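Engineer: Mind having a look at this structure? Questions to follow.
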DNA sequence: TTGAAAGGTATTTTT
DNA sequence: TACCTTTCAA
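Residue numbers (my numbering): 4 to 986.
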């Protein structure tokens, strides 16, 4: 290994011209090395470091090597170690971030921080802000119903401001200058918005300082501020580190650029940077060519070395990649700085780059697996082959296809730990322990592989619990003495006993033991760990690793928590999850001989003999562009790229370039037309560009609706015994909620309406139902001719209030006040043109064949023969268009209309949603057409329910919102939600 | 030709 | 839920 690496390094040096070698090894003063893919970027840098030290030009501690990623730092240190094994111990090799951290810790007291200040992770930032929400100067970014909805976006803005090295004071100044000169209302509004954002930024920094904490990325910012304000500190650092070397300079952001400028200084700049703009794949404004140009502008006399001799790939691959990247002109260094960066292969010509197109994604996955198998037959090792994907989710079908063919493979994703079965069991155990009423978790735990309570019996216990409105745990405890449940079998009883014994034993320990200890005992006592470790296959190994990883999280909590006990940990975990925290599953053994499936980002810096870039279609690669939820003002951000027209597309193209240049011998690009979505996909423009194909014909046909439906249907689950289909003549009751839930996901319907797994109350439900009840009371009084004043309404609201599910006492108080204020306003506004209801909470029921649809109208108003049905809603809808959209799409209103048609013989003249907080309304005039469509919709769903068809329908949005996402084994990854949604 | 409505889709990753 | 693209209607 060592000699191989050294030999490779020799090759790199041999590839250099005399002048280049001289510059790299012996050069003094600023040096810019532009090193294309596979030309030995790290080699040049490590050689230079080793040379500086071994030639005694620099003492080891005078050399400072900065990288962008941890991975790069480790690799660099290893290679220097091979060159001068013991000579570099004092050399600082690490990331920019770690370096900023070190400076800050050394001088922490100078900037008013204790040296042991805490660094908050991203999820911790959200938790931190949530707890202090009420002290933040937020108005328009803290909407009524959901106080934390914008925190993620706000933090994103702050972190971008930090990357751009914009201080809160600078932002504030800018905003108030804007405010002073804004003339028209639109400009004024924009300026006010930014003033608020700037105030938030400042307040947040203040809060962090008070708490003795900084957030990720802040170390560099604060270190910079320190260096600017204390010239003595800066001088000391410059004295210490006379040589600064930077790897991967193209991915460096503005604050890091500034750090180099300060450290190297204009007077004595002994700085070397190595980079290649075409491989910049992390989107920070002005990175890529912009940073390299900024460096050139800063050090006009810098020596420049361009490395183009490629040791990795065949010329065919390099040419295709070069052709692709030329589409980024003129925003490339090559074009902007007049450099020739065309890569020359030092190898034979090689196989042509291929593009293979398939009809469907499954054909593509299968085809690729077939091609991989072919290569293995030709004598390639599995580890020689890589499948590169653009998004983690794209890997799924390929993993399955490799699995089917029995080809060893490993996938390196970047999240998903909490979704793993073995981790879920642990979480449910802790939840059940922390909250005995949490029947969802208990249910899952009982059904899990640890206790295996038979599902049919478990359902029975659960139904009984629901009927008696008691927690499942209580029913389990009362099982031996319960005559109604005498029919529950012996096996189930025995397993329930084991479960209860396990829980009781653990519960007794809760006050005395730390979370980790308790969890460990559970694993041992239940035999779960033993069973996992006994199995010798790779899958079990992975599971054990994941369990270990979860233990790390538990341990990490124990290290910072004041009281490391289960209830506190569960609360902490819930917050983390809500904040979008989802660590990666455990890494597979890197030495394992397996086909690598990974994202292109993860592949940066790696190489493989055979590379497949899969799913090369528009919208996937390049991915659709997503704009920032909150934009930094453009004139605060220094543009280092001369206003590139489409920065997003350029970055995607660089990413594709990185993917292509990973290949040593063979590169295959694949695509398909049909990815199971309603629309057919177009071939990626990158394939067209790289291979010089004719522009693809426009999408030829639309896929048949039925075909699309069939694709959505997942493989049928083996149905558990109990669920016999309903006989046709049996009556099925359906409510609007049930229909809606079934449409969202049949499995959710099963959880909510058949299993009736009880849910913990969410604050939005408390709020909504209290408002609703109050309004109902008001109209009922009006119907009866009673007076009902504003105060009565407020009183009704408060008496309907349940104190449950709120984030904090302050949050609850704020919601109470908000609700009351909204109701009072509603009362006043309504008094201007009072509704005269003819029905309040009026129940209805009608049949669609043997299905009885039941429900109630909130409010019916009949006047002059016109019938209007109203439904009241809470939740932030703050413009007319949104309200109207909600109404147009409302299944609930459709059901109302159909109900009125069926029961009164005619359609209502108007159906409407009223949004109480904003006073906005959206409505529509029902049509017979629509009613017929609603009826057939109901008929279809009823038929499926009768067949007991409860296959999950995981989807991006539905799963992110679903209350069962913790326990549902089919969860698709949802968007980061900062709030736990309601059922 | 224009505008509104319906319909489809959802990223990667650093510290 | 928010954005974008396509389709439909005027």
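Every residue, glycine too, gets a C-beta built ideally from N, C-alpha and C. These figures come from a predicted structure and were not determined experimentally.
My guess is that residue 916 and residue 893 are in contact by the Cβ rule of under 8 Å, so how many angstroms apart are they, rounded?
Structural biologist: For the purposes of this step, residue 916 is identified with residue 913 of the first chain, where counting begins at 1. For the purposes of this step, residue 893 is identified with residue 890 of the first chain, where counting begins at 1. That pair is a contact at about 6 Å.
Engineer: Just mark residue 348 as buried or exposed, buried being the case when its beta carbon has 16 or more other beta carbons within 10 Å.
Structural biologist: The residue labelled residue 348 in the question sits at position 345 within the first chain. By the neighbour-count rule (16 or more Cβ atoms within 10 Å), residue 348 is buried.
Engineer: For the alpha helix (DSSP H) that residue 356 lies in, which residues bound it at each end?
Structural biologist: Residue mapping note: residue 356 aligns to position 353 of the first chain, counting from 1. Element bounds for residue 356: n/a, residue is neither H nor E.
Engineer: Can you give me the start and stop residues for the alpha helix (DSSP H) that residue 320 sits inside?
Structural biologist: In the first chain, counting from the first residue as 1, residue 320 sits at position 317. Element bounds for residue 320: 318 to 328.
Engineer: Return the bridge partner residues of residue 927 from the DSSP annotation.
Structural biologist: Counting from one through the first chain, the residue named residue 927 turns up at place 924. The partner list for residue 927 (beta bridge, DSSP) reads 914.
Engineer: Considering residue 177, what are the terminal residues of the alpha helix (DSSP H) in which it resides?
Structural biologist: Looking up residue 177 in the first chain gives position 174. Residue 177 -> alpha helix (DSSP H) spans 171 to 184.
Engineer: Sorted by chain position, which residues of the same chain lie with C-beta nearer than 7 Å to residue 51's C-beta, five sequence neighbours on each side aside?
Structural biologist: Indexing the first chain from 1 puts residue 51 at position 48. For residue 51, where only same-chain residues beyond five positions count, the Cβ hits under 7 Å are 27, 28, 248, 275.
Engineer: What is the rounded straight-line gap between the Cα of residue 844 and the Cα of residue 530?
Structural biologist: Against the first chain, residue 844 aligns to sequence position 841. Against the first chain, residue 530 aligns to sequence position 527. Each residue's alpha carbon lies about 53 Å from the other.
Engineer: Please return the same chain residues whose Cβ sits closer than 7 Å to the Cβ of residue 280, not counting the five positions on each side in sequence.
Structural biologist: To locate residue 280, count along the first chain from 1; it is residue 277. These residues qualify, in order along the chain: 253, 291, 292, 295, 335, 336.
Engineer: Once DSSP output is grouped into helix, strand and coil, what is the label at residue 438?
Structural biologist: The count along the first chain starts at 1 and reaches residue 438 at position 435. Reduced to three states, the DSSP call for residue 438 is coil.
Engineer: Determine which residues share a DSSP beta bridge with residue 294 and list them.
Structural biologist: Taking the first residue of the first chain as 1, we reach residue 294 at position 291. Paired residue(s): none; residue 294 is not in a bridge.
Engineer: Could you give the uninterrupted runs of the beta strand (DSSP E) lying entirely in the stretch 193 to 250, keeping only those of 3 residues or more?
Structural biologist: With a minimum length of 3 residues, the continuous beta strand (DSSP E) runs that stay inside the stretch 193 to 250 are 216 to 218, 246 to 249.
Engineer: Whole angstroms are fine: how far does the CA of residue 671 sit from the CA of residue 806?
Structural biologist: Indexing the first chain from 1 puts residue 806 at position 803. Indexing the first chain from 1 puts residue 671 at position 668. Answer to the nearest angstrom: the Cα atoms are 60 Å apart.
Engineer: Looking at the strands, I want to know which residues DSSP matches up with residue 677.
Structural biologist: Along the first chain, read from residue 1 onward, the residue named residue 677 stands at position 674. Paired residue(s): 363.
Engineer: Tell me whether residue 65 is buried or exposed, calling it buried when 16 or more other Cβ atoms sit within 10 Å of its Cβ.
Structural biologist: Translated into positions along the first chain, residue 65 becomes position 62. Buried, since its Cβ has 16 or more Cβ neighbours within 10 Å.
Engineer: Which residues does DSSP pair with residue 37 in a beta bridge?
Structural biologist: The sequence position of residue 37 within the first chain is 34, counting from 1. Partner(s): 278, 309.
Engineer: Have a look at residue 350 and residue 37 and give me their C-alpha separation to the nearest angstrom.
Structural biologist: Against the first chain, residue 350 aligns to sequence position 347. Against the first chain, residue 37 aligns to sequence position 34. Going by the C-alpha atoms only, they are around 21 Å apart.
Engineer: Out of 794, 743, 34, 25, point me to the one whose CA is closest to residue 306's CA.
Structural biologist: For this step, residue 306 is matched to residue 303 along the first chain. It is 34.
Engineer: For residue 850, name the three-state secondary structure that DSSP assigns.
Structural biologist: As a position in the first chain, residue 850 is number 847, starting the count at 1. Residue 850 falls in the strand class under three-state DSSP.
Engineer: Does DSSP classify residue 615 as helix, strand or coil?
Structural biologist: Taking the first chain and counting its residues from 1, one reaches residue 615 at position 612. Strand at residue 615.
Engineer: State the Cα-Cα distance for the pair residue 200 and residue 154, rounded to the nearest angstrom.
Structural biologist: To locate residue 200, count along the first chain from 1; it is residue 197. To locate residue 154, count along the first chain from 1; it is residue 151. If I take the Cα positions, the gap works out to 11 Å.
Engineer: In terms of alpha-carbon separation, which member of 905, 31, 526 lies closest to residue 61?
Structural biologist: In the first chain, residue 61 corresponds to position 58, counting from 1. Residue 61 has its Cα closest to that of 31, out of 905, 31, 526.
Engineer: Roughly how many whole angstroms lie between the Cα atoms of residue 1 and residue 899?
Structural biologist: Residue 1 lies beyond the residue range present for the chain, which begins at 4 and ends at 986; the question has no answer from this structure.
Engineer: Check whether the Cβ atoms of residue 435 and residue 400 lie closer than 8 Å to each other.
Structural biologist: Along the first chain, read from residue 1 onward, the residue named residue 435 stands at position 432. Along the first chain, read from residue 1 onward, the residue named residue 400 stands at position 397. No. Outside cutoff.
Engineer: Can you give me the start and stop residues for the beta strand (DSSP E) that residue 874 sits inside?
Structural biologist: Along the first chain, read from residue 1 onward, the residue named residue 874 stands at position 871. That run of the beta strand (DSSP E) goes 869 to 876.
Engineer: Please report the Cβ distance between residue 478 and residue 451, rounded to the nearest whole angstrom; I am assuming they are in contact, meaning their Cβ atoms lie under 8 Å.
Structural biologist: Your numbering for residue 478 matches position 475 in the first chain. Your numbering for residue 451 matches position 448 in the first chain. Contact flag wrong, Cβ pair sits at about 18 Å.
Engineer: Measure the C-alpha to C-alpha separation of residue 302 and residue 269 and round it to an integer number of angstroms.
Structural biologist: Residue 302 sits at position 299 when you count from the first residue of the first chain. Residue 269 sits at position 266 when you count from the first residue of the first chain. Roughly 8 Å between the two C-alpha positions.
Engineer: Whose CA, out of 596, 829, 685, lies closest to the CA of residue 797?
Structural biologist: Here residue 797 corresponds to residue number 794 of the first chain, with the count starting at 1. Per the Cα distances, 829.
Engineer: Whose C-beta lies closer than 6 Å to the C-beta of residue 572 among residues of the same chain, with five residues either side of it excluded?
Structural biologist: Translated into positions along the first chain, residue 572 becomes position 569. Cβ within range, chain order: 518, 560.
Engineer: With a 10 Å radius around its C-beta and 16 neighbouring C-beta atoms as the bar for buried, classify residue 663 as buried or exposed.
Structural biologist: On the first chain, position 660 is the one that residue 663 refers to. Burial call: buried.
Engineer: Flag this pair as yes or no: are the beta carbons of residue 488 and residue 482 separated by less than 8 Å?
Structural biologist: Locating residue 488 in the first chain gives position 485, counting from the first residue. Locating residue 482 in the first chain gives position 479, counting from the first residue. The answer is yes: Cβ separation under 8 Å.
Engineer: What are the complete beta strand (DSSP E) segments, minimum 3 residues, inside the stretch 106 to 167?
Structural biologist: Counting whole runs of 3 or more residues, the stretch 106 to 167 contains the beta strand (DSSP E) stretches 121 to 123.
Engineer: Alpha carbon to alpha carbon, how far is residue 94 from residue 63?
Structural biologist: Taking the first residue of the first chain as 1, we reach residue 94 at position 91. Taking the first residue of the first chain as 1, we reach residue 63 at position 60. Approximately 5 Å, taken between the alpha carbons.
Engineer: Taking only the alpha-carbon atoms, compute the straight-line gap between residue 115 and residue 212 and give it to the nearest angstrom.
Structural biologist: On the first chain, residue 115 is found 112 positions in, with the first residue counted as 1. On the first chain, residue 212 is found 209 positions in, with the first residue counted as 1. Taking the straight line from one Cα to the other gives about 8 Å.
Engineer: The alpha helix (DSSP H) that contains residue 389, what's its start and end?
Structural biologist: For the purposes of this step, residue 389 is taken as residue 386 along the first chain, with counting starting at 1. Residue 389 -> not in any alpha helix (DSSP H); beta strand (DSSP E) instead, spanning 388 to 392.
Engineer: With the cut-off set at 8 Å, would you say residue 675 and residue 376 are in Cβ contact?
Structural biologist: Locating residue 675 in the first chain gives position 672, counting from the first residue. Locating residue 376 in the first chain gives position 373, counting from the first residue. No.
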